[in-house]
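Here the structure comes first, spelled out in structure tokens, and everything after it is commentary.
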Amino acid sequence: MRTRILRHLALAATLVAVAGCGKKADTTTPLAFVPADTPYLFANIEPAPDSAIAHWREQMQGAWPLFTDMMDEMLAQVGKTDADSAAPKVLKAVLDEMRGRSTPEQWREIGFDPKAHAAFYGVDLLPVMRLELADPDAFRAMIARIEQKSGTALGTTRIGEQDVRTFGNDEARGLVAIEGKHLVVAFAAGGADEALERKLLGIDRPAQVLDASALADFNKARGYLPYGSGWVDTRRLVAMIAAKAAAGDPAKAPDATCRDEIDALAAKAPRLAIGYRDLDDKRMTMHARIELDPVLAKSLSALAAPLPGSTPDDALLDFALAAPVLKARDFLVAQADAVTKAPFRCAELASINQSMAEAKAKLAQTIPPPFGDLSGARVTLSRFAWPAGEASMPDVAGTFLLGSSNPALLASLAQMTSPALAGIAIAPDGKPVAIPSAALPPQLAGKLDLDVAMTTSAIGVSFGKDEAQRLAAAIAAPAAADGTLFTMRLRGEMYAKFADAMDRFSASLPPESRKQLDTQRKLYALYAQWFDHIDARMALVPEGVDFSESVTFGAH
């Protein structure tokens, strides 16, 4: 049974291999089939800009053969461990159809359109993907070739006047249909009636369709581009789950108290929003936000703590994390107090009452300094090189900063543990002081330069030759007080470093592993060319918690 499911899923995987973008919404686009009460949605209003598509095309010229090589290697391993299964044959047939297709024109040959409309949404809880095809007949022909080559076929049925392909088992069934120029893939529980399947496939349109301007208004309010965006409606999702449980077994239906309390919990984080803010041949930025109840968002804002230092433009890697230990403790205590004063009355939520009571007892304990003094940390890598030769040591340089309300205590504790450190004066003036070699382990003494510097709000250490000046600049930089909880920058050059490291160690690996590592090394070498730098950030904002990732592409 398991292998049959895998086989059918593998064959169906090609049906959702590519999702595209679209133009102006009308009654024939995928968005026109989305119910107004969908609990989740990700779709597009316009096609990706030509500059972005051209850039992806350029990247795929070198990368696609490597991706298919990796898949070949994976399938070879699967074939060795599960030789009797049809899944590897199906996947290989799918891969053969994809192999060599690194341009939009080549994808059109099998029916896909890089500038298509697409939507992923829910009919009640059940997922539906609807995608415009460039050539439905070409897509059908591809499926036929896959079935013939693999010796495995999807099931067939007819719903109303619509031919439908199926896969799955008695517990869950996938539905695949080509309606005009739309590819529709939907999932339903085993035994679903025809009325539900008609809704999933869009044969019967929703009684109320999502307003044509809803996604555009959503994008405008959040600064999202029309190339792909959407949401998860937490309250609606939770309500539908409860209704589903009640429909299956009325005895399990939550009473009015439970419904109200569960809804109140969901209302604390009513929606997850996601969308593009940049998308062209220069930059791609994806943003997501957990939208929070205003009262909760205001309480969380107290966790904001200044991050020590700032991100140097030329850093290979920079990583910073807020660590407001006492503020976090106070926030959690406040949440526990709220539950203690007004415990949940719903039996299904009783465990939360107990957990909060236990947490409050533990949180009441004093957090001693220096841990309670911490506010954040930052690690910056400015240089990494590994000369040839088995006995050579890597040349590493960078800085490490700790934000603290009492950095002098940290310095004193370090000096208490090392007589060599006790002999140096560390003043809160931001000026680097060399750390004696005697303070280092014997294997590093004389081989690694270390300096320490301190201000009234941070203490930092630089490691590597000629890094003292960087330390002075880093610790003097104004701390970021913009609600950032986490930030990271990775330069594309680091991928070249990773590739070099792989090349260094591959000789000691068996041939099969060496081949896989060599393919990965080639991909990393490409990434080093593709990306100038990658930024990631998590921050507290008045509306909730923001997440963003931005890729700045290299010159091309």
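Counting with mature numbering (1 follows the signal peptide of the UniProt record, and there is no 0), you get residues -19 to -1, 1 to 537 for the letters of the sequence shown.
For each residue, glycine too, the CB sits at the ideal point set by N, CA and C.
The DSSP assignment places 99 to 104, 107 to 113 as complete runs of the beta strand (DSSP E) inside the region 88 to 122, in order along the chain (cut-off: 3 residues). The C-alpha of Ala323 is placed about 16 Å away from the C-alpha of Asp244. Leaving aside the five residues that flank Pro409 on each side, the residues in its chain whose CB is nearer than 8 Å to its CB run, in chain order, Pro388, Ala389, Met435, Thr436, Thr437.
Listed as beta-bridge partners of Met519 by DSSP are Phe467, Phe528.
Here Pro350 has Asn387, Leu390 as same chain residues with Cβ atoms under 7 Å from its own Cβ, once five neighbours each way along the sequence are excluded. Of the other Cβ atoms in all chains shown, 16 or more fall within 10 Å of the Cβ of Lys180; this residue is therefore buried.
Looking at Ala119, Ala67, Val109, Asp63, the one whose alpha-carbon comes closest to that of Glu90 is Ala119. A residue is called buried when at least 16 other Cβ atoms come within 10 angstroms of its Cβ; Val109 meets this threshold and is buried. Contact annotation: the region 268 to 277 does not touch the region 447 to 460, with fewer than three C-beta pairs closer than 8 Å. In the structure shown, the three-state DSSP call for Gln189 is coil. In this structure, Leu355 sits near Ser385, with a CB-CB distance shorter than 7 Å. Spanning the alpha carbons of Arg154 and Thr465 requires a straight line of approximately 44 Å.
Here Phe101 is buried, its C-beta having at least 16 other C-beta atoms within 10 Å.
About 13 Å separates the CB atoms of Asp261 and Pro28; that is not less than 8 Å, and the two are not in contact. Annotated three-state conformation of Trp37 is helix, per DSSP. For Asp299, the beta-bridge partners assigned by DSSP are Thr361, Arg470.
In the three-state scheme derived from DSSP, where H, G and I count as helix and E and B as strand, Ala167 is classed as strand. Distances from the alpha-carbon of Asp447 to those of Asp295, Ser363, Tyr257 put Ser363 closest. Classified as buried, Thr292 has 16 or more neighbouring CB atoms from the shown chains inside 10 Å of its CB.
Among the bridge pairs identified by DSSP, Met51 is matched with none.
If you keep only unbroken beta strand (DSSP E) runs of at least 3 residues inside the region 373 to 408, you get 376 to 385. The C-alpha of Arg121 is placed about 44 Å away from the C-alpha of Ala234. For Arg80, there is no enclosing beta strand (DSSP E), as DSSP marks it with neither H nor E. Here DSSP, grouped into helix, strand and coil, assigns Phe325 to coil. Sequence-distant partners of Ala227 (beyond 5 residues in either direction) whose C-beta falls short of 7 Å from its own C-beta, in its chain, are Lys233, Ala234. The residues Asp432, Ala434, Ala449, Leu452, Ala453, in chain order, have a CB closer than 6 Å to that of Pro413 in the same chain once the five nearest residues on each side in sequence are set aside. Segment contact: the region 212 to 221 against the region 244 to 256, three or more CB-CB distances shorter than 8 Å; contact assigned. Excluding residues up to 5 positions away in sequence, Ala480, Met483, Asp484 lie with their Cβ nearer than 7 Å to the Cβ of Arg502 in the same chain. Shown here for Gln87: same chain residues with a beta carbon closer than 8 Å to its own, the five before and five after excluded, namely Gly81 in chain order.
Under the three-state reduction of DSSP, Ser489 is assigned to coil, being neither helix nor strand.
For Glu339, the uninterrupted alpha helix (DSSP H) run begins and ends at 331 to 344, by DSSP.
Your pair Val526 and Ile515 does not check out as a contact, with CB atoms roughly 20 Å apart and the cut at 8 Å.
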